[in-house]
Amino acid sequence: LLDFLDASAQRADNDRLLAEAMRRSSAAVVLGYFFHMSARELNYQMAPEDIERQLQQLQTSRYPVLALQGQAVQPPPFFHAYAPESNLPLFTDAAAGSGYFSLKSDPDGVIRWMLLMLQGGEDLYPPLAVVAAWHYLGKPSLAVHAGPYGVEGVQLGTQFLPTDHTGQFLINYLGPPRTFPHFSISDILHGAFAPGTFTNKIVLVGATATGTYDLRSTPLSPVYPGVEIHATVLDNILTQRFLTRPAWATLSELGAILVLGVCLGIALPRLGALQGLGCALLLGLAYLSLVHWLFVHLELWLNVVYPLLSLMSNYTVLTVYAYISVERQRKHIKGAFEHYVSPDVVNEIVRYPEKLNLGGERRVLTVLFSDIQNFTGISESMESPKLVELLNEYLTAMTNIVLHHRGTLDKYIGDAIMAFYGAPIALPHHPLLACYTALDMLAELDKLRMSWADRKLPQIRMRIGINTGDMIVGNMDSDKHFDYTVMGDTVNLASRLEGLNKAYGTSVLISETIADLVAEHCILREIDMAQVVGRKQPVRIYTLLGRVGTMHAAAQTQAYSAYAAGLAAYRQQDWDGAIQQFQHALSLWPDDTPSHTMLYRCHIYQQAPPPAEWDGVFEHLHK
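Heads up: the sequence shown runs through residues 1 to 623, numbered per the UniProt record's numbering.
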């Protein structure tokens, strides 16, 4: 007990000695204290009279003036403290003043701001840095300024310390820990420093060792001495190095959000996914660079989070929207074309939708018409189920051939098939593909006829007309119905060529335009120079005999040569010579129907010759 009493007496003597030293000091000594922000933080409820007693000890260190300017919308939103934890009255009375060293961190635990005022009871109290600066500057006027929308700042003599509307001061950190000179208490006690080191200096005394619980997290370091935070604020005040948030900051940030969003909205639809991401990153980097330049060179602070968050949100929304739009477009394209073209072509269209132009456009394409010979008579002689069975089997087989050769199925017109080549996906050799389609159709029909013969079904024959040229292609229907088709004089001529097979007994007729394009790949036979119904310009017509390399009977080949000789004599109006050649052709190949047609025509002209200026063109009066 005696030892305890001796220790207590010694401490009391030490406290008196310290208080006396502060009172005798030629320098102003400012003490620090802290505020409890809530009873929960204190872990117990203080009596109101105890709180009032603590505040009374700090009356000389409160803000003397609160300057309210303008008509306040509501009371300034000061931060309210619960109760102060002040020093012993012995020390408070001996010191020149007191300032709190309470620090408030952001939600992430980082200290970026310092409260330049806290409300305790009815009064406002300054922090340690403000009180120290006030004494250092010779105790000039000190006042808190508040306006209609909250706190504006602190007036310290001729200096104005800007804050946000709640009284928080944005700290302008100057560097990492120990940016300010540090001196150990041990060195000071042993005199290990140069004379005059502390002359005319503000000295802050605090604990910096690990384990003293005064190491804080700041933007520059997760372990930053709390005393150095107060030194930083004190330096900001004395050097006027404020990080200010200008009055136009909010408007600028809104403008940045708008500009970044508009730029991204314009650029993203024109770019791919990776290019769009690169564009978003460049826009974000540009804004960050601008904010960094303003921060470093002009000490202006603009919000980074909201514009960049808006940029990221816009990028995400636009990317998702573009993805949904592309998927919707792909589904629309796939649904529109899956009945027109082969799956491979559909996939190509879906993969490269930019190749597709649904609006009407003029292009050079090839069109094919096919029809069943005497289908009306066949349909009248068959029962409906059998007719449907035959027609479905025929159309399925022929359509598969069209799609196999990358053709576009335009439509079925009863038993007729209309197809075209070179759209929607451009094909470099569309005339040849159409000719291969016709040859494969005839070969497939031969197989079908064998099958139908076993099932006692009619032995049908087909006619095909093909033409290449300029035509209009696109979706030519209402907005309620999709009809991707072609139209034009080239299309009409292909239809006429299909019907013209009846006059010559042929299966396939093509125009001279196609013949010139496929002559290296197909065996052709010139049939006639004809003028079809609805056209004034004559067309030289050919029939397809097969692919190059196809073998024909020698008699058949000789018959074709005789026909060509007869056609030359026919155009020279040498009827006798023409008749002789056509008869020779029939003697070699009796089933050569074009020779029958031309032989009959020569006999007619032999009796009633055409005019002398006749150019060898035969005008057909029926489709």
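Even glycine gets a Cβ: it sits at the ideal position worked out from N, Cα and C.
Check your understanding: So, is W293 buried or exposed, given that buried needs 16 or more other C-beta atoms within 10 angstroms?
Key -> For the purposes of this step, residue 293 is taken as residue 293 along the sequence shown, with counting starting at 1. The residue in question, W293, is exposed, as its Cβ has fewer than 16 Cβ neighbours within 10 Å.
Exercise for review: Please determine if the segment 605-620 and the segment 526-541 are in contact, where contact requires at least 3 C-beta pairs separated by less than 8 Å.
Suggested key: yes
Practice item. With a threshold of 16 other CB atoms inside 10 Å of the CB of L290, please say whether the residue is buried or exposed. Key: Your numbering for residue 290 matches position 290 in the sequence shown. Burial call: exposed.
Review point. Helix, strand or coil for W113 per DSSP?
Key: Working through the sequence shown from its first residue, we reach residue 113 at position 113. DSSP places W113 in strand when its eight states are reduced to three.
Review point. In whole angstroms, what separates the C-alpha of T60 from that of T92?
Key: As a position in the sequence shown, residue 60 is number 60, starting the count at 1. As a position in the sequence shown, residue 92 is number 92, starting the count at 1. Roughly 10 Å between the two C-alpha positions.
Practice item. Could I get the ranges of all uninterrupted alpha helix (DSSP H) runs contained in the segment 281-331, with 4 residues as the minimum, in chain order? Key: none
Point to revise | Residue nearest to S370 in terms of C-alpha spacing, selected from D344, P385, V144 and L409 | key: In the sequence shown, the residue the question calls residue 370 occupies position 370. Closest option to S370, Cα to Cα, is L409.
Review point. So Q119 packs on A81, CB below 8 Å; how close in whole Å?
Key: Residue mapping note: residue 119 aligns to position 119 of the sequence shown, counting from 1. Residue mapping note: residue 81 aligns to position 81 of the sequence shown, counting from 1. Their Cβ separation, rounded to whole angstroms, is 7 Å, which keeps Q119 and A81 in contact under 8 Å.
Point to revise | Ordered list of alpha helix (DSSP H) runs contained in the segment 150-197, each at least 4 residues | key: 185-189
Review point. Should A564 be counted as a contact of the ligand GTP given a C-beta to heavy atom distance under 8 Å?
Key: Ligands displayed in this structure: none; no statement on the ligand GTP is therefore possible.
Exercise for review: Using DSSP bridges, identify the partner residues of R463.
Suggested key: Looking up residue 463 in the sequence shown gives position 463. For R463, which the question treats as bridged, DSSP gives the partners D371.
Check your understanding: When the Cα atoms are used, what is the spatial distance from P391 to Y412?
Key -> Residue mapping note: residue 391 aligns to position 391 of the sequence shown, counting from 1. Residue mapping note: residue 412 aligns to position 412 of the sequence shown, counting from 1. The sequence shown places Leu at residue 391, not Pro. Cα to Cα, L391 sits roughly 11 Å from Y412.
**Study point:** For A612, the nearest candidate out of L215, L588, D574 and Q583 (CA to CA)
**Key:** Here residue 612 refers to the residue found at position 612 of the sequence shown. Cα-wise, what sits closest to A612 is D574.
Exercise for review: Within the same chain, show all residues whose beta-carbon is closer than 8 Å to that of P610, passing over the 5 residues directly before and after it, in chain order.
Suggested key: The residue you call residue 610 lines up with position 610 of the sequence shown. Cβ neighbours of P610 beyond the five flanking positions: Q573.
Practice item. Tell me C522's beta-bridge partners as DSSP assigns them. Key: The residue labelled residue 522 in the question sits at position 522 within the sequence shown. Answer by DSSP bridge pairing, in chain order: R547.
Review point. If we count Cβ pairs, one from each stretch, closer than 8 Å, do we get three or more for the segment 146-156 versus the segment 195-208?
Key: no
Review point. S511: which of V367, F375 and D415 sits nearest, CA to CA?
Key: Your numbering for residue 511 matches position 511 in the sequence shown. For S511, the nearest C-alpha among the options comes from V367.
Point to revise | Assigned exposure category for T197 - 16 Cβ within 10 Å defines buried | key: Looking up residue 197 in the sequence shown gives position 197. It counts as exposed.
Point to revise | Helix, strand or coil at H603 [DSSP, three-state] | key: Within the sequence shown, numbered from 1, the residue matching residue 603 stands at position 603. Helix at H603.
Exercise for review: Over the uninterrupted beta strand (DSSP E) stretch that includes residue 631, give me the two end residues.
Suggested key: With the chain represented from 1 up to 623, any question about residue 631 goes unanswered, as that position is not in the structure.
**Study point:** Status (buried if at least 16 other CB within 10 Å, exposed otherwise) for N467
**Key:** Taking the first residue of the sequence shown as 1, we reach residue 467 at position 467. The residue is buried, with at least 16 neighbouring Cβ atoms inside 10 Å.
Review point. Counting Cβ pairs closer than 8 Å, one from the segment 125-136 and one from the segment 224-234, do we hit at least three?
Key: yes
Practice item. Just confirm the distance between the C-beta atoms of M462 and M441, as a whole number of angstroms; I'd bet it's less than 8 Å. Key: Looking up residue 462 in the sequence shown gives position 462. Looking up residue 441 in the sequence shown gives position 441. Rounded, the Cβ-Cβ distance is 7 Å, consistent with contact.
Review point. Where does Q572 sit, in a helix, a strand or coil, going by DSSP?
Key: By 1-based counting over the sequence shown, the position of residue 572 is 572. In this structure, Q572 counts as coil in the three-state DSSP scheme.
Point to revise | Coil, strand or helix - N492 by DSSP | key: To locate residue 492, count along the sequence shown from 1; it is residue 492. In this structure, N492 counts as helix in the three-state DSSP scheme.
Point to revise | Boundaries of the beta strand (DSSP E) in which D123 is found, first to last residue | key: Taking the sequence shown and counting its residues from 1, one reaches residue 123 at position 123. Taken as a continuous stretch (DSSP letters only), the beta strand (DSSP E) holding D123 covers D123 to Y125.
Check your understanding: Who are the Cβ neighbours of H603 in its own chain at under 6 Å, not counting the five residues just before and after it?
Key -> Residue 603 sits at position 603 when you count from the first residue of the sequence shown. If we look at H603 and ignore the five residues flanking it on each side, it has no Cβ neighbours.
Practice item. Hey, could you find the ends of the alpha helix (DSSP H) D50 is sitting in? Key: As a position in the sequence shown, residue 50 is number 50, starting the count at 1. P48 to Q57 is the span of the alpha helix (DSSP H), which, as asked, contains D50.
Review point. Shortest alpha-carbon distance to P84 belongs to which of Y605, G32, S105 and P75?
Key: Here residue 84 refers to the residue found at position 84 of the sequence shown. The option with the nearest alpha carbon to P84 is G32.
Review point. Beta-carbon separation of W589 and A565 under 9 Å?
Key: Numbered from its first residue, the sequence shown carries residue 589 at position 589. Numbered from its first residue, the sequence shown carries residue 565 at position 565. No. Outside cutoff.
Review point. When the Cα atoms are used, what is the spatial distance from L2 to P162?
Key: Taking the sequence shown and counting its residues from 1, one reaches residue 2 at position 2. Taking the sequence shown and counting its residues from 1, one reaches residue 162 at position 162. Because the pLDDT at L2 is just 48, under 50, the model does not fix this residue reliably, and the point stays unresolved.
Review point. Exposed or buried, H165, counting other C-beta atoms within 10 Å across all chains shown (16 or more means buried)?
Key: Here residue 165 is taken as the residue at index 165 of the sequence shown, counted from 1. Under this definition H165 is an exposed residue.
Practice item. Check Q69 in the structure and name its three-state DSSP category. Key: Here residue 69 is taken as the residue at index 69 of the sequence shown, counted from 1. In the structure shown, Q69 sits in coil (DSSP, three-state: anything other than H, G, I, E or B).
Review point. Unbroken beta strand (DSSP E) runs of length 3 or more, entirely within the segment 365-439: which are they?
Key: 408-413 and 416-421
Exercise for review: Go ahead and pull the three-state DSSP assignment for S26.
Suggested key: If you number the sequence shown from 1, residue 26 lands on position 26. In this structure, S26 counts as coil in the three-state DSSP scheme.
Check your understanding: Would you say G474 and T485 are within 9 Å of each other, going by their C-beta atoms?
Key -> Sequence index remark: in the sequence shown, residue 474 carries index 474 (1-based). Sequence index remark: in the sequence shown, residue 485 carries index 485 (1-based). Taking 9 Å as the Cβ cut-off, G474 and T485 qualify as a contacting pair.
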